[in-house]
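Numbering (this note's numbering), first residue to last: 1435 to 1667.
Given below as structure tokens:
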């Protein structure tokens, strides 16, 4: 390795400023829960080839996570809200816009998928691909990165099981999705193989309680464990 010096990029400085602002501005807390991903794993295997042939898109687990989170946000709208402390009001959105953390060679970007509550799993996947390609190709616009109500970061894409994500302030929450892993479990008196995944929700404890986080994350897990009920692909 050669000793050297290089200037910080504008993107890196912006990331540093935003993360520091988030940590200084909120009462940070995070809770981890484990989901049974066996049904989702098998369901994806059963439909992915057909979807690829007919829609031209490769389905990833993230698209189901975004769909499930969208439904949960409709039922637990506080996690999609923003608090105006000066006015003393909570502002709830009229639609669900979810930003996704995209790892690029020049820094982390968080483009936004709009109206996710109205999109199918396949439509969400197409937006994931489109926005990720724009981000990695340095063609993303400010409009593509504005208006998010909640953020999802797929830390499992690099093999991480769970972590403590930092919120995209002034959002109230963020979900980190870990890597799916194999484990043994007891079912009906027998030892069986299963797929599991850790979901971590970090939130601003000033506005939501631990029980709220548990119920919200639990609802996401319930939906992911029954993927066929998430609507048409």
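Each residue gets a CB set at the ideal place from its N, CA and C atoms; glycine is no exception. Predicted model, so just to flag it, every value in this text is computed and none were measured.
Residue 1457 and residue 1646 have their C-alpha atoms some 21 Å from each other.
Counting the other Cβ atoms within 10 Å of the Cβ of residue 1575 gives fewer than 16, which makes it exposed. Here the C-alpha atom of residue 1488 lies approximately 39 Å from the C-alpha atom of residue 1446. Looking at the DSSP output, residue 1510 bridges to nothing.
For the set 1657, 1545, 1491, the Cα lying nearest the Cα of residue 1471 is the one of 1657. In summary, residue 1539 is exposed, with fewer than 16 beta-carbon neighbours lying within 10 Å of its beta-carbon over all protein chains present.
Assigned with DSSP and collapsed to three states, residue 1468 falls in strand. DSSP places residue 1607 in the uninterrupted beta strand (DSSP E) bounded by 1607-1611. With 16 or more neighbouring CB atoms inside 10 Å of its own CB, residue 1533 falls in the buried class.
Taking 8 Å as the cut-off, the beta carbon of residue 1508 is found no closer than this to the beta carbon of residue 1557. Excluding residues up to 5 positions away in sequence, 1541, 1542 lie with their Cβ nearer than 7 Å to the Cβ of residue 1449 in the same chain. The stretch 1519-1537 and the stretch 1451-1470 do not touch, with fewer than 3 CB-CB distances between them shorter than 8 Å. When secondary structure is reduced to three states using DSSP, residue 1632 falls in the strand class. Contact annotation: residue 1664 and residue 1501 have beta-carbon atoms nearer than 8 Å.
Counting C-beta atoms within 10 angstroms of its own C-beta, residue 1559 has 16 or more neighbours from the protein chains shown and is therefore classed as buried. For residue 1642, the secondary structure class from DSSP, reduced to helix, strand or coil, is coil. Judged by pairs of C-beta atoms under 8 Å, the stretch 1599-1609 touches the stretch 1617-1635, as three or more such pairs exist.
Straight-line spacing of the CA atoms in residue 1443 and residue 1581 works out to 24 Å.
The beta-bridge partner set that DSSP reports for residue 1503 is empty. Of all alpha-carbon atoms in 1545, 1625, 1615, the one lying nearest the alpha-carbon of residue 1587 is that of 1545. The alpha carbon of residue 1594 has as its nearest neighbour, out of 1666, 1494, 1615, 1499, the alpha carbon of 1615.
Pairing residue 1513 with residue 1596 gives a Cβ-Cβ distance that is not under 8 Å. Between residue 1555 and residue 1667 a beta carbon distance of about 5 Å is seen, short of the 8 Å cut, so the two are scored as contacting. By a beta-carbon distance limit of 8 Å, residue 1655 contacts residue 1469. Their separation comes to about 4 Å.
Of 1605, 1625, 1499, 1570, the smallest CA-CA separation from residue 1662 is found for 1499.
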